[in-house]
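Just below is one structure, and these are the notes that go with it.
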Amino acid sequence: MLKRASAVSAFAVLAAISAPMIHAADLVKVDGSSTVFPITEAMAEEFQKTEKGKTQVTVGISGTGGGFKKFCRGETDISDASRPIKESEVKLCKENGIEYIELPVALDALTVVINPKNDWVDRLSVEELKKMWEPAAQDKITNWNQIRPGFPDRPLKLFGPGTDSGTYDYFVEAVIEGKSTRGDFTASEDDNVLVQGVASDVNALGFFGLAYYDENQGKLKAAPISWKGGKAVSPSVENAKNASYQPLSRPIFIYVNKKTADEKAYVRRFVEFYLDNRNSQKLVKEVGYVPLPEKAYDMAMNNFKKRQTGTVFHGSEVGIGIEELLARAPK
330 MLKRASAVSA FAVLAAISAP MIHAADLVKV DGSSTVFPIT EAMAEEFQKT
380 EKGKTQVTVG ISGTGGGFKK FCRGETDISD ASRPIKESEV KLCKENGIEY
430 IELPVALDAL TVVINPKNDW VDRLSVEELK KMWEPAAQDK ITNWNQIRPG
480 FPDRPLKLFG PGTDSGTYDY FVEAVIEGKS TRGDFTASED DNVLVQGVAS
530 DVNALGFFGL AYYDENQGKL KAAPISWKGG KAVSPSVENA KNASYQPLSR
580 PIFIYVNKKT ADEKAYVRRF VEFYLDNRNS QKLVKEVGYV PLPEKAYDMA
630 MNNFKKRQTG TVFHGSEVGI GIEELLARAP K
């Protein structure tokens, strides 16, 4: 399923051709995170089958930040996001009269990947990742032997999401505990570009969502990560679910325009289809992500039906259960 993400241009063209053929009232517009894209695309495909041609869902990829810009200007109905909404985006939505409903839809294990021919990395610590990626490393930390004694004298080549990406934002908060990374790395909003970059260079390291690693295991190796001196843990569905893969396990989201949900029955039907446990437990797993506990989807569905607006998720909050977060009062 993820292979279709690389053909997003063709997908967008198809959407543009198809949209005029149906009434505008039957079009659900989604844009945002490339990480959440595979889930929303799968949901859209299955939902459209149940609608039997009555409703079309278009899904774009402009990154979490790019998606929120469109959403907060009222250009989309739903925004895919691989991190919670930022204060600046809350402000933009407010300025444009956009009230939003925040809905977690899955868990992800942000995955650090290396080339399969890399025979010197068996694990990495969060401290070593910070040493590689922090702003102070720019033009200074350029070789693997600077990361750990015993690593070879080889150039360090870094690949990562662009600054419009929620995956980038989450990595910055969880690993660097700051606001930015070094700037001298190869950046792309398309995770498939990052996959190819790491797969073609033995000296490379990159990061992106678990599903893109799962889809490309023949081309990549995942580095187990140790945190606060603990045992190194590999990224996996099970380790994201049991919260042992820290601090890189995270919830991922959709944000729904409240006015759209109130006024457009077909948007409500799509969101309720998305949150229904029968669909979410199956489709989220199929595309390589971790379904939320059933109770969490029930809580999210209840919040949607109540049209609960505002946010209860604040950055990378490690060690707090999804159900506890959903029970918070929004702000």
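So for the sequence shown, the numbering used here puts the first residue at 330; every next one is plus one. Every residue gets a Cβ at the ideal spot worked out from N, C-alpha and C, and that includes glycine.
- Excluding the 5 residues flanking it on each side, GLU370 has same chain C-beta neighbours closer than 6 Å at VAL388, in chain order.
- The alpha-carbon of PHE582 is positioned some 15 Å away from that of PRO659.
- PHE602 sits in a helix when the DSSP states are folded into three classes.
- In this structure GLY396 touches GLY361 by the C-beta definition: roughly 3 Å separates them, less than 8 Å.
- CA-to-CA, the gap between MET628 and ARG636 works out to about 12 Å.
- As computed with DSSP, ASN472 is found in a beta bridge with PRO484.
- With a beta-carbon spacing of about 6 Å, ALA435 and VAL619 fall inside the 8 Å limit used to define contacts.
- Inclusion of ASN474 and LEU485 in the CB contact set at 7 Å is not warranted, their separation being larger than that value.
- Counting C-beta pairs closer than 8 Å gives three or more between the region 480-496 and the region 531-541, which meets the contact rule.
- ALA590 sits away from ARG598, with the two beta carbons spaced by 7 Å or more.
- Under the criterion of beta carbons closer than 8 Å, MET372 and ASN608 qualify as touching, at roughly 7 Å.
- TYR618 sits in coil when the DSSP states are folded into three classes, being neither helix nor strand.
- In this structure, DSSP gives LYS383 a state outside helix and strand, which the three-state scheme calls coil.
- In this structure, the alpha-carbon of SER573 lies about 12 Å from that of ARG579.
- Setting aside the 5 residues that flank it on each side, LEU453 is surrounded in the same chain by VAL441, ALA552, ILE554, each with a C-beta closer than 7 Å to its C-beta; the list follows chain order.
- For ASN586, the enclosing beta strand (DSSP E) covers residues 578-586.
- Under the three-state reduction of DSSP output, LEU439 falls in the coil class, being neither helix nor strand.
- Scanning the region 393-426 from its first residue to its last, the whole beta strand (DSSP E) runs of 3-plus residues come out as 407-410.
- DSSP lists no bridge partner for ALA373.
- Rounded to the nearest angstrom, the gap between the Cα atoms of GLN546 and GLU592 is 44 Å.
- PRO367 counts as buried, since at least 16 other C-beta atoms from the protein chains shown sit within 10 angstroms of its C-beta.
- Proximity to LEU356 across GLN610, VAL641, THR510, TYR595 peaks at TYR595, based on C-alpha coordinates.
- For VAL531, there is no enclosing alpha helix (DSSP H), since its DSSP letter is neither H nor E.
- For LYS459, the enclosing alpha helix (DSSP H) begins and ends at 455-462.
- Excluding its 5 nearest sequence neighbours in each direction, LYS446 has C-beta neighbours in its own chain below 6 Å: VAL531, listed in chain order.
- In the displayed model, LYS634 falls within a helix according to three-state DSSP.
- Where LEU356 is concerned, there is no enclosing alpha helix (DSSP H), although the beta strand (DSSP E) around it starts and stops at 356-361.
- Under the DSSP assignment, ASN568 falls in the alpha helix (DSSP H) whose first and last residues are 566-570.
- Straight through space, the alpha carbons of ARG483 and ARG477 are spaced by roughly 12 Å.
- Residue pairing by DSSP puts TYR429 in a beta bridge opposite ASN586.
- Counting along the chain, the unbroken alpha helix (DSSP H) around LEU539 starts and ends at 539-544.
- Beta-bridge pairing by DSSP links THR515 to PHE488.
- The Cβ-Cβ distance between ALA533 and ASN444 falls below 7 Å.
- Apart from sequence neighbours up to five positions away, the residues of its chain that approach ASP437 with a beta-carbon distance below 8 Å are THR364, SER411, GLY538, LEU539, ALA540, ALA569, SER578, ARG579, PRO580, ILE581, TYR618, VAL619, ordered along the chain.
- At the C-beta level, THR638 and ILE390 stay beyond 7 Å of one another.
- Contact between GLN575 and TRP556 is confirmed by a C-beta separation of about 5 Å, below the 8 Å threshold.
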